[in-house]
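Residue numbers (the numbering used here): -12 to 229.
And the structure:
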């Protein structure tokens, strides 16, 4: 594999553009050429220092979800306060050349982009607009139909769009940081997939009429997924436990 990870990724993308969706994690913000590293770890540490000034890093072996849950208990904050603080620290994150390179590729190939990131760096990289479908059941806790794109989307799998699977800074209550947050998302998705009288689990494959048809979940079931910038290890949580 080539030494430059962006060039290696570019080669892989050009070989596998058909029926593809990208899942992008925080690693895209921590690329080695970045002068300013955008890191969730550091944001949580900055918030934690208000409770423990001597803390300089997330303790070894502690997941970010565990760290957040402990932080919430120690801070005594009301529900949502830490989410608001976290969102405030996301303001001003930089769009860099590698963001633009990857996102321009996605636009050219009409490729959906799912991201675990909360910030708008990826959508800003291509000047994508925010779209919120007119759904009377919309909730800012789970804005899964909301996305950023350059035109209106009728099928999440057929067009370029940026979908925030773990919440977005625009809706602070949607931010998934603690374990209870993620379990709430899993439970909501399960109700769609196991709805009484509906198709069985994974019945959404190639279907356009089901509860999640206009959300990022439809992309997960109907596109091949290229995952990068996301460790899927102890310090990254992706809601794959449906």
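Backbone N, C-alpha and C define an ideal beta-carbon position, used for all residues, glycine too.
Open item on the list: Check this for me: beta carbons of residue 82 and residue 112, under 9 Å apart or not?
Closed with: yes
Open item on the list: Which of the three DSSP states is assigned to residue 14 in this structure?
Closed with: helix
TODO: Go ahead and pull the three-state DSSP assignment for residue 89.
DONE: helix
TODO: Could you tell me how far apart the beta carbons of residue 216 and residue 11 are, in whole angstroms, since I believe they sit closer than 8 Å?
DONE: 5 Å
TODO: Determine the direct distance from the alpha carbon of residue 42 to that of residue 120, and round the result to whole angstroms.
DONE: 42 Å
- [ ] Please classify residue 139: is it buried, with 16 or more other beta-carbons within 10 angstroms of its beta-carbon, or exposed?
- [x] Classification for residue 139: exposed.
TODO: Leaving out five residues on either side along the sequence, give the residues of the same chain with a beta carbon under 7 Å from the beta carbon of residue 161.
DONE: Here the set comprises 127, 128, 129, 130, 154 and 155.
Task: Option in 52, 16 and 15 with minimal Cα separation from residue 267 - done: The question about residue 267 has no answer here: the residues shown for the chain are numbered -12 through 229.
TODO: Use the C-beta contact count for residue 6: other C-beta atoms within 10 angstroms, 16 or more gives buried, fewer gives exposed.
DONE: exposed
- [ ] Figure out for me which residue from 163, 17, 203 and 123 has the closest Cα to the Cα of residue 71.
- [x] 163
Task: Cβ-based neighbour list, residue 135, same chain, cut-off 6 Å, excluding 5 preceding and 5 following - done: Counting only Cβ-Cβ distances below 6 Å, and skipping sequence neighbours, we find 110, 115, 117 and 149.
Task: Endpoints, alpha helix (DSSP H) assigned at residue 166 - done: Following the DSSP letters along the chain, one finds residue 166 inside the alpha helix (DSSP H) bounded by residues 166 to 180.
Open item on the list: So if DSSP puts residue 158 in a beta bridge, which residue, or which two residues, is it bridged to?
Closed with: 155
Task: Boundaries (first-last residue) of the beta strand (DSSP E) holding residue 100 - done: Here the beta strand (DSSP E) through residue 100 covers 99 to 102.
TODO: Can you say whether residue 107 is buried or exposed, counting buried as having 16 or more other CB atoms within 10 angstroms of its CB?
DONE: Counting Cβ neighbours within 10 Å, residue 107 comes out buried, since at least 16 surround it.
TODO: Within 10 angstroms of the Cβ of residue 204, are there 16 or more other Cβ atoms? Answer buried if so, exposed if not.
DONE: The residue in question, residue 204, is buried, as its Cβ has 16 or more Cβ neighbours within 10 Å.
Task: Nearest-angstrom Cβ-Cβ length linking residue 133 and residue 99, presumed shorter than 8 Å - done: The beta carbons of residue 133 and residue 99 sit about 14 Å from each other, so the pair does not count as a contact at 8 Å.
Task: Same chain only: Cβ atoms within 8 Å of residue 195, ignoring 5 sequence neighbours per side - done: 142
Open item on the list: Excluding the 5 residues flanking residue 165 on each side, which residues of the same chain have their C-beta closer than 8 Å to its C-beta?
Closed with: The beta carbon of residue 165 sits closer than 8 Å to the beta carbons of 52, 55, 56 and 59 from its chain, once the five residues preceding and following it are set aside; these are given in chain order.
Task: DSSP three-state assignment for residue 8, whether helix, strand or coil - done: Taken through DSSP and simplified to helix, strand or coil, residue 8 comes out as strand.
Task: Rounded C-alpha distance that separates residue 179 from residue 212 - done: 21 Å
Task: Local conformation of residue 134 per DSSP, three classes - done: strand
Task: Delimiting residues of the alpha helix (DSSP H) encompassing residue 215 - done: First-last for residue 215: 211 to 215, but that is the beta strand (DSSP E), not the alpha helix (DSSP H).
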